[in-house]
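Engineer: In this note's numbering, the protein residues as written are 182 to 388.
I am attaching a structure below and will ask some questions about it afterwards.
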Ligand code: FE
């Protein structure tokens with residue numbers, strides 16, 4: 182039975198990010214893991230008031246509630262993956278210059294940002310996400326564990342890297358640093374980050 186939430190189409194072909202992320206990884210990550218979060222969420226919200234809510238509303242309403250942990254986790258992972266695919270592009274990577282590039286100066290410019298973002302992603306212990314966000318008018322790097330995301334932290338997500346093992350193990354085995362470095366240098370979709378920053382409401386786009 183179809184539920185209120187659907188797996189959105191990928192913004193590119195499954196082979197478009199190779200060799201940085203292979204089509205095999207994408208078919209598993211998108212076609213199995215992401216789909217499983219969506220299906221599970223639909224199953225869990227069926228017949229509950231959550232069935233009529235947006236992902237953002239569900240995340241806000243269930244965070245920290247022990248009896249809604251499964252719903253929170255699957256809503257968070259659905260939102261995070263919806264957002265993540267847009268953060269990657271076969272035409273991504275490189276110094277964004279101008280616009281958002283100027284706001285990277287506090288990190289030590291583009292090079293400094295790449296180092297700090299990679300370090301944050303590598304240092305995230307266990308499963309989780311590394312984020313570039315906008316909060317209180319400036320850009321910040323932060324990480325979240327498991328299904329958490331920055332929406333409940335007063336921050337607007339601009340970019341993210343999935344550091345769950347399912348995101349890289351097929352291509353990089355245990356070498357998370359190699360995966361993260363390649364994604365940052367070759368795939369980060371700065372155009373998407375600019376759009377999220379301009380709208381300040383990227384969460385709506387990923388719903
Ligand atoms: Fe993932």
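Every residue gets a Cβ at the ideal spot worked out from N, C-alpha and C, and that includes glycine.
Everything numeric in this text was worked out from a predicted model, so none of it was measured.
Check whether the Cβ of residue 360 lies closer than 7 angstroms to any heavy atom of the ligand FE, and answer yes or no.
Structural biologist: Here residue 360 refers to the residue found at position 179 of the chain shown. Residue 360: no, Cβ never under 7 angstroms from the ligand FE.
Engineer: Taking only three categories from DSSP, how would you classify residue 309?
Structural biologist: Position 128 of the chain shown, counting from 1, holds the residue named residue 309. Residue 309 falls in the strand class under three-state DSSP.
Engineer: Would you grab the beta carbon distance between residue 199 and residue 258 for me? Rounded to a whole angstrom, and I think it's under 8 angstroms.
Structural biologist: Position 18 of the chain shown holds residue 199. Position 77 of the chain shown holds residue 258. At roughly 24 angstroms, the Cβ-Cβ gap does not stay under 8 angstroms, so residue 199 and residue 258 are not in contact.
Engineer: Under 8 angstroms between the Cβ atoms of residue 222 and residue 252?
Structural biologist: As a position in the chain shown, residue 222 is number 41, starting the count at 1. As a position in the chain shown, residue 252 is number 71, starting the count at 1. Going by C-beta atoms, residue 222 is nearer than 8 angstroms to residue 252.
Engineer: Measuring from each Cβ to the nearest heavy atom of the ligand FE, keep the ones under 6 angstroms and list them in chain order.
Structural biologist: The set, ordered by position in the chain, is 210, 214, 262, 343, 345, 347, 348.
Engineer: Just mark residue 194 as buried or exposed, buried being the case when its beta carbon has 16 or more other beta carbons within 10 Å.
Structural biologist: Counted from its first residue, the chain shown places residue 194 at position 13. Exposed, since its Cβ has fewer than 16 Cβ neighbours within 10 Å.
Engineer: Checking 8 angstroms against the spacing of the C-beta atoms, do residue 333 and residue 310 come in under that value?
Structural biologist: Here residue 333 corresponds to residue number 152 of the chain shown, with the count starting at 1. Here residue 310 corresponds to residue number 129 of the chain shown, with the count starting at 1. For residue 333 and residue 310, no; Cβs fall outside 8 angstroms.
Engineer: Between the beta-carbon of residue 338 and the beta-carbon of residue 264, is there less than 8 angstroms?
Structural biologist: Along the chain shown, read from residue 1 onward, the residue named residue 338 stands at position 157. Along the chain shown, read from residue 1 onward, the residue named residue 264 stands at position 83. Yes, they are a contact pair.
Engineer: For the 8 angstroms Cβ check, are there 3 or more pairs between the stretch 352 to 359 and the stretch 281 to 289?
Structural biologist: Contact fails: fewer than three Cβ-Cβ distances are below 8 angstroms.
Engineer: Measuring CB to CB, does residue 255 end up less than 8 angstroms from residue 218?
Structural biologist: For the purposes of this step, residue 255 is taken as residue 74 along the chain shown, with counting starting at 1. For the purposes of this step, residue 218 is taken as residue 37 along the chain shown, with counting starting at 1. In contact: residue 255 and residue 218 (Cβ atoms closer than 8 angstroms).
Engineer: Suppose the cutoff is 7 angstroms on Cβ atoms and the five residues either side in sequence are ignored; what does the same chain contact list for residue 369 look like?
Structural biologist: By 1-based counting over the chain shown, the position of residue 369 is 188. 268, 273, 274, 340, listed in sequence order.
Engineer: Look at the alpha carbon of residue 303 and the alpha carbon of residue 318, and state the distance between them as a whole number of angstroms.
Structural biologist: As a working note, residue 303 is residue 122 in the chain shown. As a working note, residue 318 is residue 137 in the chain shown. Straight-line Cα distance between these residues: approximately 26 angstroms.
Engineer: Taking DSSP's pairing of strands, which residues face residue 321 in a bridge?
Structural biologist: Counting from one through the chain shown, the residue named residue 321 turns up at place 140. According to DSSP, which records beta bridges pairwise, residue 321 is partnered with 314.
Engineer: Note down the Cα distance separating residue 197 from residue 363, rounded to an integer number of angstroms.
Structural biologist: Locating residue 197 in the chain shown gives position 16, counting from the first residue. Locating residue 363 in the chain shown gives position 182, counting from the first residue. Their backbone Cα atoms lie some 14 angstroms apart in a straight line.
Engineer: Excluding the 5 residues preceding and the 5 following residue 321 in the sequence, name in chain order all residues of the same chain whose CB lies nearer than 6 angstroms to its CB.
Structural biologist: Numbered from its first residue, the chain shown carries residue 321 at position 140. So the list reads 314, once near-sequence residues are dropped.
Engineer: Tell me whether residue 333 sits in a helix, a strand or coil according to DSSP, three-state version.
Structural biologist: Within the chain shown, the letter at position 152 stands for residue 333. Here residue 333 sits in helix by DSSP.
Engineer: Just to confirm before moving on: does the CB-CB distance between residue 211 and residue 191 stay below 8 angstroms?
Structural biologist: What you label residue 211 is simply residue 30 of the chain shown in a count that begins at 1. What you label residue 191 is simply residue 10 of the chain shown in a count that begins at 1. In contact: residue 211 and residue 191 (Cβ atoms closer than 8 angstroms).
Engineer: Rounded to whole angstroms, what's the CA-CA distance from residue 367 to residue 270? Just pull it up for me.
Structural biologist: In the chain shown, residue 367 corresponds to position 186, counting from 1. In the chain shown, residue 270 corresponds to position 89, counting from 1. If I take the Cα positions, the gap works out to 8 angstroms.
Engineer: Since residue 351 and residue 204 should fall inside the 8 angstroms C-beta cutoff, what is the C-beta to C-beta distance between them, to a whole number of angstroms?
Structural biologist: Locating residue 351 in the chain shown gives position 170, counting from the first residue. Locating residue 204 in the chain shown gives position 23, counting from the first residue. Not really, about 10 angstroms apart at Cβ, beyond 8 angstroms.
Engineer: Using CA atoms only, rank isn't needed, just tell me which of 345, 243, 213, 281 is closest to residue 326.
Structural biologist: One-based indexing of the chain shown puts residue 326 at position 145. For residue 326, the nearest C-alpha among the options comes from 345.
Engineer: According to DSSP, is residue 342 part of a helix, a strand, or is it coil?
Structural biologist: By 1-based counting over the chain shown, the position of residue 342 is 161. It is a strand residue.
Engineer: Go through its chain and collect everything with a Cβ distance to residue 281's Cβ below 7 angstroms, but skip five positions before and after it.
Structural biologist: As a working note, residue 281 is residue 100 in the chain shown. Correct list, in chain order: 371, 374, 375, 378.
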